[in-house]
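Asks:
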Amino acid sequence: MGALVFLVDLGDVAGLAEALGKLICNPELRASMGAAGKGKIRNYSLNRVLHEMAAIYNRYLGRDRKF
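Heads up, our numbering is the position in the sequence shown plus 1, with the first residue counted as 1.
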C-alpha cells in the first residue's frame with residue numbers, strides 16, 4: 002500500500018503548494034494514493050464500526066447481546 006497523505010503544517014503555504022504540485026505532476030502518485038485511501042476506508046464501513054462499538058459496549062456492560 003502506498004502513502005495515504007501528505008502532511009503539511011498549518012499555514013505552510015509553500016509546503017501545501019509543493020504537495021499539490023507533486024499530485025498534479027505525478028498521475029501514478031495520485032492513483033497510488035487514491036487506491037491506498039480506498040483500501041483504508043474499508044476499515045471504517047458503517048456495518049463494521051457499529052459491530053465494533055456494540056462489542057465494546059457489551060464488554061463493559063457485561064452483556065453478550067447481538068445488535
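No residue lacks a Cβ here, since even glycine has one placed at the ideal position from N, Cα and C. Being a predicted model, the structure only gives us computed values, none of them experimental.
1) In the structure shown, what three-state DSSP assignment does residue 55 receive?
2) Less than 7 Å between C-beta atoms, sequence neighbours within five positions excluded: which residues of the same chain meet that for residue 24?
3) For residue 27, which of helix, strand or coil comes out of DSSP?
4) Tell whether a beta-carbon distance below 9 Å holds between residue 41 and residue 5.
5) For residue 17, I'd like the list of residues in its chain whose CB is within less than 8 Å of its CB, leaving aside the five on either flank, ordered along the chain.
Replies: Inspection of the coordinates gives the following:
1) helix
2) For residue 24, same chain residues with a beta-carbon under 7 Å away, outside a window of 5 residues either side, are 30, 31 in chain order.
3) coil
4) yes
5) 9
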